[in-house]
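Participant: Chains as they are written, first to last, in the working numbering: chain S, 36 to 265; chain C, 36 to 265.
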DNA sequence: GTAATACTGAGAACAGCGATCGCAGTATTG
DNA sequence: CAATACTGCGATCGCTGTTCTCAGTATTAC
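#1: Residues of chain S with a CB under 7 Å from the CB of residue 247 of chain C: which are they?
#2: Using a Cβ-Cβ cut-off of 7 Å (strictly less than) and excluding sequence neighbours within five positions of residue 241 of chain S, which residues of its own chain qualify?
#3: Inspect the beta-carbon positions of residue 156 of chain C and residue 112 of chain C and report whether they are closer than 8 Å.
#4: Return no unless some Cβ of chain C is closer than 8 Å to the Cβ of residue 217 of chain S.
#5: Starting from the C-beta of residue 251 of chain S, find all residues in its chain whose C-beta is less than 8 Å away, skip the five residues before and the five after it, and write them out in chain order.
#6: Run through DSSP, which three-state label would residue 242 of chain S get?
#7: Can the beta-carbon of residue 108 of chain S be found closer than 8 Å to that of residue 60 of chain S?
#8: Excluding the 5 residues preceding and the 5 following residue 216 of chain C in the sequence, name in chain order all residues of the same chain whose CB lies nearer than 7 Å to its CB.
#9: Which residues bound the alpha helix (DSSP H) around residue 141 of chain C?
#10: Leaving aside the five residues before and after residue 43 of chain C along the sequence, list all residues of the same chain whose C-beta is less than 7 Å from its C-beta, in chain order.
#11: Along the chain, where does the alpha helix (DSSP H) containing residue 235 of chain C start, and where does it finish?
#12: Closer than 8 Å, CB to CB, is residue 256 of chain C near chain S or not?
#13: Check whether the Cβ of residue 130 of chain S lies closer than 8 Å to any Cβ atom in chain C.
#14: Does the segment 81-89 of chain C come close enough to the segment 111-127 of chain C that 3 or more CB-CB pairs lie under 8 Å?
#15: Counting only Cβ pairs nearer than 8 Å, list the residues of chain S close to residue 109 of chain C.
#16: Should the segment 190-205 of chain C be regarded as contacting the segment 142-156 of chain C, the criterion being three or more beta carbon pairs within less than 8 Å?
#17: Using a C-beta cutoff of 8 Å, does residue 166 of chain S count as contacting chain C?
#18: In chain order, what residues of the segment 69-86 of chain C put their CB closer than 9 Å to some CB of chain S?
#19: For residue 118 of chain C, which residues in chain S fall below 9 Å Cβ to Cβ?
#20: Tell me whether residue 96 of chain C is buried or exposed, calling it buried when 16 or more other Cβ atoms sit within 10 Å of its Cβ.
#21: Does the beta carbon of residue 126 of chain S sit closer than 8 Å to a beta carbon anywhere in chain C?
#22: With DSSP run on the structure shown, which of helix, strand or coil describes residue 96 of chain S?
#23: Give the secondary structure of residue 85 of chain S by DSSP, where H, G and I count as helix, E and B as strand, and everything else as coil.
#24: Could you tell me the distance, in whole angstroms, from the CA atom of residue 254 of chain C to the CA atom of residue 194 of chain S?
#25: Which residue wins for smallest C-alpha separation from residue 159 of chain S, given the options C:162, C:222, C:261, C:190?
#26: Would DSSP call residue 224 of chain C helix, strand or coil?
#27: Count the other CB atoms, across all protein chains shown, that sit within 10 Å of the CB of residue 166 of chain S; report buried if there are 16 or more and exposed otherwise.
#28: I want to see whether chain S comes within less than 8 Å of residue 169 of chain C, judged by CB atoms only; does it?
#29: In whole angstroms, what is the alpha-carbon distance linking residue 191 of chain S and residue 177 of chain C?
#30: Could you tell me the boundaries of the alpha helix (DSSP H) in which residue 64 of chain S lies?
#31: Do you know offhand how far residue 54 of chain S's Cα is from residue 62 of chain S's?
#32: Grouping DSSP H, G and I as helix and E and B as strand, with all else coil, what is residue 158 of chain S?
#33: What is the rounded straight-line gap between the Cα of residue 226 of chain S and the Cα of residue 164 of chain C?
#34: Determine, using beta carbons only, whether residue 135 of chain S comes closer than 8 Å to chain C.
#35: With a 10 Å radius around its C-beta and 16 neighbouring C-beta atoms as the bar for buried, classify residue 89 of chain C as buried or exposed.
#36: Distance cutoff 8 Å, beta carbons only. Does residue 229 of chain C sit that close to anything in chain S?
Now the structure itself:
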């Protein structure tokens, strides 16, 4: 009943018999990441990656068995950018908030992470990150399963705030801007009084809450809520 | 400097001159939704939709100008499934929690909503939903811009929990299952002690927190946190 | 030392995708 | 009744991920 391996990391990078491969998963991955940083996820096509490496699309399938594999590799690779060292404060909330903040920075640096089809498969480096978070959660009295769910929630908050932060960053070329202009014209005074009121304020005039501050506040609040109440 | 309209709803459904269209945006939309409910977002291709309607792919472009338009229409259409009537409790937190819960149900009924490329453009029905939430937020002292951000946060929480709820629902055919089995084999005792410990518990054995309860708790906590502190 | 084996690289090709063009047909306008 | 502005849609373009196939090469076994 042994099934074939499902993740990239279950499959060996290369066999032992034939000629040495001219490239490596690492090279594919970094080329793909560079492409994604420049042109977003759509730029990461087999042909584009192959061109970057000076080879043909078919050759890539010697290293990975599907495009999804490549995306998994990319997601795991950038996880290494998260610095896992932190002063052992002993306060889980503080530690987790710090780690989450660093993770958010990675998302800001690689916005395509937000466009990944599904939550990416956890790879070796993601495992180290997971491990670090679980260590930070150790002083708590949370059940093991709840800890995993807490991590999921934390992750979700990170992506959530990363998304709004990115949206605000270049709100000029934002596709949401189209929605906004549509809303302004389509919201009728009598049918949508509150909406028209909310839209009437020129955005940014009113001191908009600093997103990162809000993020830290939210993370701490959620975490303390989760940790202190059983 | 007037630019051409950006959203579907800015474009007229049909002109006044020629023969009456044999189909309507409504028909396209419901056909697409049915396809998505059955086979997920990938099943919603121009060709498939066209086949459903007994026509050719090219014909669809008489009603919409891009596939994205269709997705926008779909997202807006299912918004109508959210019941906006609720006993005017006057308590913003309670009202919002109820509305968010109903929105989550819609996500559970149409899982493809979670796979939509970007946050969908708000359409007419989405506007009604927005309006309703803003009305619920009226008693608060939040600034107008903060209200919009609160809605974004609330939306994010909904998608977050909908995602985990769906994941748990059919955890058998879950792609994350592959990750799990990989994690179990790859987590080494000395390098990932906490991870191996967390994974050693058979999932579900320990009374897993009811997700919906956790959702309601989280929503209330976040909302009170946002509303009570300026 | 040679034959068998197991691998690598890559050109060609396939099915499916979103989208466009151009043309025949039709209802409305002036 | 002609001019106009629309609709339906077959053909087609360029793109995508992926597979087939086969020549070439390094390793292993005898």
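Think of the CB as a built atom: it goes at the ideal place given N, C-alpha and C, for glycine as much as any other residue.
Facilitator: Concretely, from the data shown:
#1: Those within 7 Å of residue 247 of chain C in chain S number zero; the least Cβ separation is about 13 Å.
#2: Since pLDDT at residue 241 of chain S reaches only 48, below the 50 mark, its modelled position is unreliable, and the value read off the structure follows with that caveat. So the list is empty, once near-sequence residues are dropped.
#3: no
#4: yes
#5: 132, 136
#6: The predicted model places residue 242 of chain S with a pLDDT of 49, which falls under 50 and marks its position as unreliable, so this point remains unresolved.
#7: yes
#8: none
#9: 127-144
#10: 99, 104, 107, 108
#11: 228-235
#12: yes
#13: no
#14: no
#15: Those do not exist, as residue 109 of chain C stays about 16 Å from chain S at its closest Cβ, beyond 8 Å.
#16: yes
#17: yes
#18: none
#19: Within chain S, no residue comes near residue 118 of chain C; the closest Cβ sits about 18 Å away, beyond 9 Å.
#20: exposed
#21: no
#22: coil
#23: helix
#24: 17 Å
#25: C:222
#26: coil
#27: buried
#28: yes
#29: 24 Å
#30: 60-74
#31: 18 Å
#32: coil
#33: 12 Å
#34: no
#35: exposed
#36: yes
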